[in-house]
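Colleague: Shown below is the structure under consideration.
There are 2 protein chains.
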Amino acid sequence: MTENPTPPRRGRPPAFDRDEALTAATRLFWERGYEATSVADLTAAMGIRPGSLYAAFGDKKSLFEEVVRHYGRTPVGAFAGAALREEASAYAAFARILREAAAIYPDPSHPAGCLVISAATNVSPQDIEVQAHLRDLRNSNLRLFEARLRTARQDGELPPDADPHALAGYFATVVQGMSQQARDGATAADLARTTELALRAWP
Amino acid sequence: MTENPTPPRRGRPPAFDRDEALTAATRLFWERGYEATSVADLTAAMGIRPGSLYAAFGDKKSLFEEVVRHYGRTPVGAFAGAALREEASAYAAFARILREAAAIYPDPSHPAGCLVISAATNVSPQDIEVQAHLRDLRNSNLRLFEARLRTARQDGELPPDADPHALAGYFATVVQGMSQQARDGATAADLARTTELALRAWP
DNA sequence: TTCTTTCTTGAGTGACTACTCAAGAAATGA
DNA sequence: TCATTTCTTGAGTAGTCACTCAAGAAAGAA
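Residue numbers (our numbering), protein chains in the order written: chain Z, -16 to 186; chain X, -16 to 186.
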């Protein structure tokens, strides 16, 4: 059990940093979406040739799946989960989710909005699985929202007549709308005002 | 001034109904988006050959622009403008906009959501103008929202400290989020609940 | 009927798509 | 040193993309 966790690699070492390449691919997919980003665009941005890309990542679809996982580990992709985990009250969690979305989605240091929300909106039938994959991620997020609100009602934070399913749908709607607004040019100030209005719906 | 409004057309008459063809094209663009819909898909759905399509509509981009205008004259594309024009109070207008969006966006008789919101989300650089065109339409709608709310404040329907710009951004966010939710499978009942929660933000 | 006009048809265009592969280069192990 | 392994390179594949065009067909006008 004294196995080396990183045994010395045989053969020629890769000439590119896998994480840097993934970051470059993420930016492109985030900006343009899955189908509108060509493998030629990707190889140019990642600084590698097609053969290296296919050897390292499989095919375009596999690369995109890895990009989505990579995105989910960045602050932009993980803030909602972190808020649900770290905040003591449901209100604090959802207020934080909306406020952070308002600050992060229009941040000019990366493409606007959320990759999971916008990267596979327009796909041809051959890539329908990619669209379904992101939709599943969004809907599982919706269920996380609902579970947290259900707990809040059990704990008495929400009144007994509050509707966790409806509230979850409402907050998901606002978050997704804010992502779209950010892509349309809304500023952090704009989205901050939207957030405060949206929070008025809290029971 | 007794000119015939529709002078007899010379030459071979078109073998297809222009409006029916446009409706078929609208459905496809609405479902899949601009780039993910190929000219081959369009000719198949419209029941015509490429030559006829190009003769009748110009190129793909021109066809899409005509589709967007056509969409804007359908109930799904015109309900917001109608509500703003027909309702006496701003609250009635925005309540009607959200309630109609909740009923229309998931209606199974047509593709889910709003074409203007979702048909040009993912485009490659060569089609950036198409994306900009729809974004302009969305942003001009946002300004219509804001103008109506500004009037409401002047009329005393809204308190002096209400923020028309912020409210317009909020309602645009909710509408766009509802379109996305409908595409993700939300039902009319789901969106109706979202609507009633969203309206709680009204000052 | 014949001319003119307009539309349809089918076969095509070059450019781009995702993807592949043989050959060579650069590392380790023996 | 030499074999083995892994990665890179550049030239390539078949298929699809938006789009075109000459030839023929179908209408009105003369």
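Where is the CB? At the ideal position from N, CA and C, for every residue including glycine. Computed from a prediction, not measured in an experiment: that's the story for all the values here.
Select from the segment 54 to 72 of chain X all residues with a C-beta closer than 7 Å to any C-beta belonging to chain Z, and list them in chain order.
Modeller: none
Colleague: Once the 5 residues before and after Leu182(X) are set aside, which same chain residues still bring their CB inside 7 Å of it?
Modeller: Ala78 and Leu81
Colleague: Looking at Ala149(Z) and Thr177(X), is the spacing between their C-beta atoms short of 9 Å?
Modeller: yes
Colleague: Is His148(Z) close to chain X? Criterion is C-beta to C-beta, closer than 9 Å.
Modeller: By this cut-off, His148(Z) is an interface position.
Colleague: Write down the C-beta distance between Phe12(Z) and Thr6(Z) rounded to the nearest angstrom, noting that I regard them as a contact closer than 8 Å.
Modeller: Not a contact, Cβ separation roughly 11 Å.
Colleague: Measuring only the C-alpha atoms, how far is Phe154(X) from Gly(-6)(X)?
Modeller: 51 Å
Colleague: If Val59(Z) sits next to Ile87(Z), beta carbons under 8 Å apart, how far is it from one beta carbon to the other, in whole angstroms?
Modeller: With a beta-carbon spacing of about 5 Å, Val59(Z) and Ile87(Z) fall inside the 8 Å limit used to define contacts.
Colleague: Is the separation between the beta-carbon of Ala4(X) and that of Gly30(X) shorter than 9 Å?
Modeller: Cβ atoms of Ala4(X) and Gly30(X): closer than 9 Å.
Colleague: Looking at C-alpha atoms only, which residue of Gly96(X), Val51(X) and Arg131(X) is the closest neighbour of Ala73(X)?
Modeller: Arg131(X)
Colleague: The alpha helix (DSSP H) with Gln164(Z) in it runs from where to where?
Modeller: Pro147 to Arg166
Colleague: Quick one: what's got a C-beta closer than 6 Å to Glu14(X)'s C-beta in the same chain, skipping five residues either side?
Modeller: Pro94
Colleague: Is Leu98(Z) closer than 9 Å to Val51(Z) when the C-beta atoms are compared?
Modeller: With contacts defined by Cβ atoms closer than 9 Å, Val51(Z) and Leu98(Z) form a contacting pair.
Colleague: Below 7 Å between beta carbons is the criterion; list the residues of the segment 125 to 139 of chain Z that meet it against any residue of chain X, in chain order.
Modeller: Listed in sequence order: no entries.
Colleague: Please state if the CB of Leu46(X) and the CB of Ala103(X) are separated by a distance shorter than 9 Å.
Modeller: no
Colleague: Taking C-beta to C-beta, are Glu18(Z) and Glu18(X) nearer than 9 Å?
Modeller: Yes, Cβ-Cβ distance for Glu18(Z) and Glu18(X) is below 9 Å.
Colleague: Determine the chain Z residues that contact Ile100(X) at a beta-carbon separation under 9 Å, and present them in chain order.
Modeller: Gln163
Colleague: According to the neighbour-count rule (16 or more other Cβ atoms, all chains shown, within 10 Å of its Cβ), is Glu129(X) buried or exposed?
Modeller: buried
Colleague: Can you tell me where the alpha helix (DSSP H) with Ala19(X) in it begins and where it stops?
Modeller: Element bounds for Ala19(X): n/a, residue is neither H nor E.
Colleague: For Glu48(X), which option in Pro(-3)(X), Ala76(X), Pro89(X) and Asp110(X) has the closest C-alpha, if you only look at C-alpha atoms?
Modeller: Asp110(X)
Colleague: So what does DSSP say about Arg(-7)(X), is it helix, strand or coil?
Modeller: coil
Colleague: Using a threshold of 9 Å, state whether the C-beta atoms of Ser101(Z) and Arg32(Z) are closer than that.
Modeller: no
Colleague: Kindly list the residues whose CB is nearer than 6 Å to the CB of Phe62(Z), restricted to its own chain and excluding five residues on each side of it in sequence; keep chain order.
Modeller: Glu83
Colleague: Exposed or buried, Asp138(X), counting other C-beta atoms within 10 Å across all chains shown (16 or more means buried)?
Modeller: exposed
Colleague: Looking only at its own chain, which residues have a Cβ that is under 6 Å from the Cβ of Ala135(X), when we skip the five neighbours before and after it?
Modeller: Ala73 and Leu141
Colleague: From what residue to what residue does the alpha helix (DSSP H) around Ala172(X) run?
Modeller: Ala171 to Ala181
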